[in-house]
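Remarks on the structure that follows.
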Ligand code: SF4
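Numbering (the working numbering), first residue to last: 147 to 433.
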């Protein structure tokens with residue numbers, strides 16, 4: 147008989163839990179008022195659909211200007227200062243669900259920028275990612291964003307001091323490599339701040355331990371989640387029988403035998419109910 151186990155440490159981090167809770171609370175208390183979330187509340191289409199049924203609408207930045215006054219929520223990724231100004235100037239109400247870890251990082255970058263206008267603020271992160279846009283905004287968009295080490299000689303001045311930060315969801319090993327390369331490249335002082343979320347750092351080790359225990363791993367996450375992409379790499383490095391799915395329709399019965407053990411896990415934005423549905427769908431194949 148197939149044996150399926152859900153990873154008890156997979157799923158929402160507290161930043162996402164808090165954002166979802168704030169959205170649910172608002173929609174319960176204000177039945178007739180729609181909540182407008184700026185960008186998808188998380189990179190998980192199934193969970194977004196569930197919240198949309200409760201009264202949430204996902205909007206983009208352009209819509210802020212054209213909408214009648216409404217309630218707008220900033221999600222856990224955070225936003226640059228100009229978004230706050232725009233919401234206020236258009237007389238919208240704001241629910242700020244920026245994760246406290248991201249908020250603290252925004253403040254640190256802002257302080258570094260104001261205190262050291264002569265230094266290069268470098269952010270290791272994904273260009274265009276919502277969190278990174280919020281971080282760049284703290285420096286009036288003067289920060290240098292690097293996504294990989296090949297960009298260092300192209301965009302960084304070796305004769306100017308550097309203050310290095312990281313997007314909260316980047317892989318630790320990649321950050322340490324960037325840090326090392328910058329030290330070799332720059333002729334000036336480098337102040338490096340490892341600002342990767344502890345939840346993300348610990349997650350890799352815990353997930354790797356989990357994946358060792360099963361014949362097959364099914365990892366469920368939104369395809370756009372950078373945290374999901376990163377954590378799936380951890381799964382596949384530990385267990386080559388790992389499969390990435392975004393919905394239970396993608397489960398392939400050929401991956402399993404009736405006697406195999408299966409581990410079900412996910413990203414920090416994967417809801418528990420989705421992992422439970424996945425586990426049940428796998429069990430149903432052999433029922
Ligand atoms: S991964 Fe960390 S920084 Fe990002 S939302 Fe979750 S708790 Fe906050």
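We put the CB at the ideal spot given by N, CA and C, even for glycine.
Query raised in the report: From residue 325 to residue 216, what distance separates their C-alpha atoms?
Result: Residue 325 sits at position 179 when you count from the first residue of the chain shown. Residue 216 sits at position 70 when you count from the first residue of the chain shown. If I take the Cα positions, the gap works out to 44 Å.
Requested in this report: Take residue 207 and list the residues in its own chain whose beta-carbon comes closer than 8 Å to its own, dropping the five residues that flank it on each side.
Outcome: Here residue 207 refers to the residue found at position 61 of the chain shown. Taken in chain order, the residues that qualify are 184, 229 and 232.
Query raised in the report: Hey, how far is the Cα of residue 305 from the Cα of residue 280?
Result: Within the chain shown, residue 305 is the residue found at index 159, counting from 1. Within the chain shown, residue 280 is the residue found at index 134, counting from 1. Taking the straight line from one Cα to the other gives about 27 Å.
Report task. Measure from the alpha carbon of residue 294 to the alpha carbon of each residue in 339, 249 and 327, then state which is nearest. Result -> Residue 294 sits at position 148 when you count from the first residue of the chain shown. Per the Cα distances, 327.
Query raised in the report: Which residue comes first and which comes last in the alpha helix (DSSP H) that contains residue 236?
Result: Locating residue 236 in the chain shown gives position 90, where the first residue counts as 1. No alpha helix (DSSP H) contains residue 236, which DSSP labels as neither H nor E.
Report task. Entirely within the segment 159 to 219 and at least 4 residues each: give me those alpha helix (DSSP H) ranges in chain order. Result -> Uninterrupted alpha helix (DSSP H) stretches at least 4 residues long and entirely within the segment 159 to 219 occur at 160 to 175, 191 to 200 and 207 to 212, given in chain order.
Query raised in the report: To which residues of the same chain is residue 237 closer than 6 Å at the C-beta, ignoring the five residues directly before and after it?
Result: For this step, residue 237 is matched to residue 91 along the chain shown. For residue 237, where only same-chain residues beyond five positions count, the Cβ hits under 6 Å are 215.
Query raised in the report: the ligand SF4 heavy atoms versus the CB of residue 289: any closer than 7 Å?
Result: Residue numbering aside, residue 289 sits at position 143 when the chain shown is read from its first letter. Distances between the C-beta of residue 289 and the heavy atoms of the ligand SF4 are all 7 Å or more.
**Report entry** Inter-residue Cα distance where the pair is residue 160 and residue 189
**Finding:** Within the chain shown, numbered from 1, the residue matching residue 160 stands at position 14. Within the chain shown, numbered from 1, the residue matching residue 189 stands at position 43. Rounded to the nearest angstrom, the gap between the Cα atoms of residue 160 and residue 189 is 15 Å.
Query raised in the report: Does the beta-carbon of residue 341 have 16 or more other beta-carbons within 10 angstroms, so that it is buried, or is it exposed?
Result: By one-based count along the chain shown, residue 341 stands at place 195. Its Cβ being crowded by 16 or more others within 10 Å, residue 341 is buried.
Requested in this report: Please confirm whether any heavy atom of the ligand SF4 lies closer than 7 Å to the CB of residue 345.
Outcome: Within the chain shown, the letter at position 199 stands for residue 345. Indeed, a heavy atom of the ligand SF4 lies less than 7 Å from the Cβ.
Query - Close-in-space but distant-in-sequence residues of the same chain around residue 275 (CB under 7 Å, 5 per side omitted) - result: The residue you call residue 275 lines up with position 129 of the chain shown. So the qualifying residues of the chain are 313 and 372.
Query raised in the report: Which same chain residues, not among the five before or five after residue 338, have their C-beta less than 6 Å away from its C-beta?
Result: Working through the chain shown from its first residue, we reach residue 338 at position 192. Excluding its 5 nearest sequence neighbours in each direction, residue 338 has C-beta neighbours in its own chain below 6 Å: 310 and 325, listed in chain order.
Report task. In the DSSP assignment, find the alpha helix (DSSP H) that holds residue 384 and state where it starts and stops. Result -> As a working mapping, residue 384 is identified with position 238 in the chain shown. Element bounds for residue 384: 372 to 384.
Query raised in the report: Any heavy atom of the ligand SF4 closer than 7 Å to the Cβ of residue 278?
Result: Here residue 278 refers to the residue found at position 132 when the chain shown is read from its first residue. No; taking the cut-off as 7 Å, the Cβ of residue 278 has no heavy atom of the ligand SF4 nearer than that.
Report task. Determine contact between the segment 280 to 291 and the segment 188 to 204, defined as no fewer than three beta-carbon pairs at a distance below 8 Å. Result -> Contact between the segment 280 to 291 and the segment 188 to 204 is absent, with fewer than three C-beta pairs closer than 8 Å.
Query raised in the report: In or out: residue 149 buried (at least 16 other Cβ within 10 Å) or exposed?
Result: To locate residue 149, count along the chain shown from 1; it is residue 3. So residue 149 ends up on the exposed side.
Query - 7 Å CB neighbourhood of residue 394 in its chain, flanking five on each side removed - result: What you label residue 394 is simply residue 248 of the chain shown in a count that begins at 1. Same-chain partners within the cutoff: 423, 424 and 427.
Query raised in the report: Would you say residue 247 touches the ligand SF4, meaning its beta carbon is less than 7 Å from a heavy atom?
Result: On the chain shown, residue 247 is found 101 positions in, with the first residue counted as 1. Yes.
Query raised in the report: In the DSSP assignment, what residue or residues form a beta bridge with residue 367?
Result: For the purposes of this step, residue 367 is taken as the residue at position 221 of the chain shown. Note: residue 367 is not bridge-paired with any residue in the DSSP secondary-structure output.
Query - C-beta contact flag for residue 156 and residue 421 at 8 Å - result: By 1-based counting over the chain shown, the position of residue 156 is 10. By 1-based counting over the chain shown, the position of residue 421 is 275. Residue 156 places its beta carbon less than 8 Å from that of residue 421.
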